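*Asks:*
Numbering (the UniProt record's numbering), first residue to last: 1 to 257.
1) Kindly list the residues whose CB is nearer than 8 Å to the CB of residue 239, restricted to its own chain and excluding five residues on each side of it in sequence; keep chain order.
2) Output needed for residue 228: all residues of its chain with C-beta closer than 7 Å, excluding positions within five of it in sequence on either side, in chain order.
3) When you compare only the Cα positions, how much space is there between residue 14 and residue 23?
4) Only counting runs of 3 or more residues, tell me where the beta strand (DSSP E) segments fall wholly within the stretch 174-232, in order along the chain.
5) Whole angstroms is fine: what's the gap from residue 96's alpha carbon to residue 186's?
6) Where does residue 31 fall in DSSP's three states?
7) Quick check: what's the CA-CA separation for residue 114 versus residue 47?
8) Measure the C-alpha to C-alpha separation of residue 209 and residue 223 and round it to an integer number of angstroms.
9) Looking at residue 69 and residue 27, is the spacing between their C-beta atoms short of 8 Å?
10) Under a three-way DSSP split, which group does residue 121 fall into?
11) Quick check on the burial criterion: 16 or more other C-beta atoms within 10 angstroms. Buried or exposed for residue 212?
12) Which residue's Cα is closest to the Cα of residue 52: 17, 11, 19, 88?
13) Suppose the cutoff is 7 Å on Cβ atoms and the five residues either side in sequence are ignored; what does the same chain contact list for residue 220 look like?
14) Just verifying my parser: in three-state terms, what is the DSSP assignment at residue 96?
15) Under the rule that 16 or more other beta-carbon atoms within 10 Å means buried, what is residue 92, buried or exposed?
16) Just list the beta strand (DSSP E) runs in the stretch 45-75, keeping only unbroken ones of 3 residues or longer that don't cross its boundaries, in chain order.
17) Are the Cβ atoms of residue 44 and residue 33 separated by less than 8 Å?
18) Can you tell me where the alpha helix (DSSP H) with residue 86 in it begins and where it stops?
19) How big is the Cα-Cα spacing for residue 86 and residue 251?
20) Using DSSP with H/G/I as helix, E/B as strand and the rest coil, what is residue 77?
21) Taking the straight line between their C-alpha atoms, what separation do you get for residue 135 and residue 17?
22) Contact criterion: CB-CB distance below 8 Å. Does residue 99 meet it with respect to chain C?
23) What is the DSSP secondary structure of residue 16, reduced to helix, strand or coil?
24) From the DSSP output, in three-state form, read off residue 253 for me.
25) Please report the Cβ distance between residue 177 and residue 149, rounded to the nearest whole angstrom; I am assuming they are in contact, meaning their Cβ atoms lie under 8 Å.
26) Tell me the DSSP secondary structure of residue 170 in three-state form.
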């Protein structure tokens with residue numbers, strides 16, 4: 001069964017598209033409430049809801065008597081501490097190497113439920129018939145158009161696999177991601193440079209290694225692993241979701257309080 005995307009959400013999506021595409025830069029004034037209401041064929045109250053939510057998400061800044069502006073993002077140097085395994089190993093005087101196992105573009109019909117949920121992609125979402133905005137129409141999933149990029153990488157320390165990375169990236173927000181050579185370029189460094197991170201969340205769990213993961217890490221199947229799962233946000237939306245599998249007897253997480 002298909003669902004209709006609420007009008008206020010269509011407006012939010014269109015504004016975010018303009019920001020991510022570079023049409024609206026930080027500090028730029030966006031279209032007025034009246035102009036947006038006319039563009040989308042909705043009431044100003046609906047537009048106000050969209051702008052209010054984007055302001056609360058620190059994407060926009062509303063200035064009384066002046067209008068609404070793209071917020072000057074204060075997270076250009078991310079609040080999220082994203083560890084770079086290459087730098088960590090090199091700083092420990094260990095030889096580092098990355099081996100790309102695979103990378104591919106993923107279309108909407110290839111998504112599993114977890115990825116749809118993480119990236120907020122509704123399998124049955126359609127645009128309501130009253131939509132007049134080109135940006136709104138562009139929200140429709142095309143079965144032959146990439147919505148995510150996937151890359152799988154083995155990270156080695158002194159010739160021994162220490163981490164297996166499975167990463168998914170929003171193809172629209174970071175369109176050149178799939179073109180990078182990740183045996184040379186670190187995924188996290190590239191994403192921070194191209195789409196500065198605003199916030200994130202993560203979990204760390206101890207799991208028995210499935211056969212495929214065990215093979216990549218060169219450990220016995222069902223051996224203990226530490227799995228870091230992290231999603232990070234820019235401009236209020238998920239940019240990347242990653243699973244990092246670590247051989248339990250070769251890796252530990254530590255920090256200072």
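Note that the Cβ used here is the ideal one computed from N, Cα and C, for glycine as well. Nothing here was measured: the structure is a model prediction, and the numbers come from that model.
*Replies:* The structure says:
1) Position 239 of the chain shown, counted from the first residue, corresponds to residue 239. Within the same chain, residue 239 has close Cβ partners 169, 170, 173, 174, 191, 195, 197, 232, 233.
2) Translated into positions along the chain shown, residue 228 becomes position 228. So the qualifying residues of the chain are 202, 204, 244.
3) For the purposes of this step, residue 14 is taken as the residue at position 14 of the chain shown. For the purposes of this step, residue 23 is taken as the residue at position 23 of the chain shown. Cα to Cα, the separation comes out at about 11 Å.
4) 199-208
5) Mapped onto the chain shown, residue 96 falls at position 96. Mapped onto the chain shown, residue 186 falls at position 186. Spanning the two alpha carbons is a distance of roughly 12 Å.
6) Locating residue 31 in the chain shown gives position 31, counting from the first residue. Note: residue 31 maps to coil in three-state DSSP.
7) For the purposes of this step, residue 114 is identified with residue 114 of the chain shown, where counting begins at 1. For the purposes of this step, residue 47 is identified with residue 47 of the chain shown, where counting begins at 1. Approximately 31 Å between the Cα atoms of the pair.
8) Stepping through the chain shown from its first residue, residue 209 is reached at position 209. Stepping through the chain shown from its first residue, residue 223 is reached at position 223. When rounded, the distance between both Cα atoms is 5 Å.
9) Mapped onto the chain shown, residue 27 falls at position 27. Mapped onto the chain shown, residue 69 falls at position 69. Yes, these two residues count as a Cβ contact at 8 Å.
10) Locating residue 121 in the chain shown gives position 121, where the first residue counts as 1. Residue 121: coil per DSSP, three-state reduction.
11) For the purposes of this step, residue 212 is identified with residue 212 of the chain shown, where counting begins at 1. Exposed, by the Cβ-count rule.
12) Here residue 52 refers to the residue found at position 52 of the chain shown. Selected option, being the one with the closest Cα: 11.
13) Along the chain shown, read from residue 1 onward, the residue named residue 220 stands at position 220. For residue 220, where only same-chain residues beyond five positions count, the Cβ hits under 7 Å are 214.
14) Residue 96 sits at position 96 when you count from the first residue of the chain shown. Strand at residue 96.
15) In the chain shown, residue 92 corresponds to position 92, counting from 1. Label assigned to residue 92: exposed.
16) 60-63, 67-70
17) Stepping through the chain shown from its first residue, residue 44 is reached at position 44. Stepping through the chain shown from its first residue, residue 33 is reached at position 33. In this structure, residue 33 lies closer than 8 Å to residue 44 by Cβ.
18) Taking the first residue of the chain shown as 1, we reach residue 86 at position 86. Looking at the DSSP string, the run of the alpha helix (DSSP H) that includes residue 86 is 85-91.
19) Here the question's residue 86 lines up with position 86 in the chain shown. Here the question's residue 251 lines up with position 251 in the chain shown. Cα-Cα distance, rounded: 14 Å.
20) Position 77 of the chain shown holds residue 77. In this predicted model, residue 77 has a pLDDT of only 39, less than 50, meaning its place in the structure is not dependable; the value taken from the coordinates is given anyway. Looking at residue 77 - three-state DSSP - the assignment turns out to be coil, as it is neither helix nor strand.
21) For the purposes of this step, residue 135 is taken as residue 135 along the chain shown, with counting starting at 1. For the purposes of this step, residue 17 is taken as residue 17 along the chain shown, with counting starting at 1. Summary for residue 135: the model assigns pLDDT 43, below 50, so the residue's position carries little reliability; its value from the coordinates is reported in the next sentence. So the alpha carbons of these two residues sit roughly 8 Å apart.
22) The chain inventory of the structure shown lacks chain C, comprising one protein chain alone.
23) Working through the chain shown from its first residue, we reach residue 16 at position 16. DSSP places residue 16 in helix when its eight states are reduced to three.
24) If you number the chain shown from 1, residue 253 lands on position 253. In this structure, residue 253 counts as coil in the three-state DSSP scheme.
25) Sequence index remark: in the chain shown, residue 177 carries index 177 (1-based). Sequence index remark: in the chain shown, residue 149 carries index 149 (1-based). Correct: roughly 5 Å between the Cβ atoms.
26) Against the chain shown, residue 170 aligns to sequence position 170. In this structure, residue 170 counts as strand in the three-state DSSP scheme.
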